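In my numbering, the protein residues as written are 10 to 264. Think of the CB as a built atom: it goes at the ideal place given N, C-alpha and C, for glycine as much as any other residue. These numbers were taken from a predicted model, which means no experiment stands behind them.
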């Protein structure tokens with residue numbers, strides 16, 4: 010199993026002005042491309058904090074994906090902080106500069122715009138199809154680091170553009186769920202354990218949807234990873250069928 014960490018950068022996230030939808034999108038994208046996301050880190054626009062986030066992520070993960078801090082303003086400092094983290098200098102990447110030039114024109118290359126073309130030599134730029142700042146794909150000691158802008162549609166477009174560099178071809182993820190009414194989560198809890206023991210390698214999670222003691226309703230989510238998608242799907246579908254059986258034995262109904 011390969012592990013990933015998601016880093017989101019921005020004061021606006023920490024103070025609640027912006028909802029962190031980027032972390033949700035990245036986590037989902039990486040999960041369905043074969044990674045187990047083990048951490049999500051949110052840090053402010055501060056070089057020391059960003060550097061700490063990358064160092065922490067690289068200690069435990071094979072892939073690190075960050076969003077935020079790639080623009081031309083003074084507080085866009087993710088690449089600078091990442092370079093500091095890995096002990097590298099920033100230099101203007103000619104390919105990135107060509108991408109910036111194509112967006113603005115040769116006579117519009119201000120210092121702030123050229124800043125978006127600077128990166129460590131271990132990184133290559135990925136053209137941003139909907140924005141200006143290129144994304145970065147870096148390889149450090151066998152680990153991948155992807156750095157994207159914070160604008161959601163730009164981040165999403167760049168991840169999709171780098172899909173072939175992200176996906177783990179021989180690992181598949183599958184999940185499905187059912188809704189059970191009339192059964193309290195505390196009553197179904199022993200059957201969660203039973204399902205995970207009976208179907209090795211799956212993960213079962215119960216999500217309460219109503220007030221337990223008044224009108225209980227549960228979503229039972231079952232997920233897993235496997236090398237053979239057909240076999241994985243069959244195992245999880247069998248586990249779902251058994252969960253339905255347990256729910257009905259407890260007097261519940263499956264919606």
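Do three or more CB pairs link the region 43-60 to the region 239-252 at distances below 8 Å? no
Three or more C-beta pairs below 8 Å linking the region 174-184 and the region 157-166: no
Cutoff 7 Å; reference residue 196; Cβ partners in own chain excluding five residues on either side: 259
At the level of alpha carbons, what is the spacing between residue 64 and residue 31? 21 Å
Status (buried if at least 16 other CB within 10 Å, exposed otherwise) for residue 238: exposed
8 Å contact criterion, which residue 227 and residue 216 should meet: CB distance rounded: 7 Å
Compute the distance between the beta-carbons of residue 183 and residue 232, then report whether it is under 8 Å. yes
For chain D, check one thing: does any of its Cβ atoms lie closer than 8 Å to the Cβ of residue 148? Reference to chain D is not applicable here, since this structure consists of a single protein chain.
Beta strand (DSSP E) runs contained entirely in the region 141-187, provided each spans 3 or more residues: 144-149 and 152-157
With which residues is residue 134 paired in a DSSP beta bridge? 145
With three or more beta-carbon pairs closer than 8 Å as the criterion, would you say the region 86-105 touches the region 35-45? no
So for residue 44, helix, strand or coil by DSSP? strand
Nearest to residue 149 by alpha carbon, out of 41, 125, 71 and 27? 71
Output yes or no for whether 8 Å exceeds the beta carbon distance between residue 167 and residue 135. yes
Can you look up residue 196 in the DSSP assignment and give me helix, strand or coil? helix
Kindly give me the distance between the Cβ atoms of residue 261 and residue 186, rounded to whole angstroms, as I take these residues to be in contact under 8 Å. Wrong, their Cβ atoms sit about 15 Å apart, outside the cutoff.
Using a threshold of 8 Å, state whether the C-beta atoms of residue 46 and residue 22 are closer than that. no
Quick check on residue 236: does DSSP put it in helix, strand or coil? coil
What residue range is occupied by the uninterrupted beta strand (DSSP E) comprising residue 217? 211-217
C-beta atoms of residue 106 and residue 126 nearer than 8 Å: yes
Reference residue 193, options 202, 219 and 207, closest by Cα: 219
Quick check: what's the CA-CA separation for residue 245 versus residue 236? 14 Å
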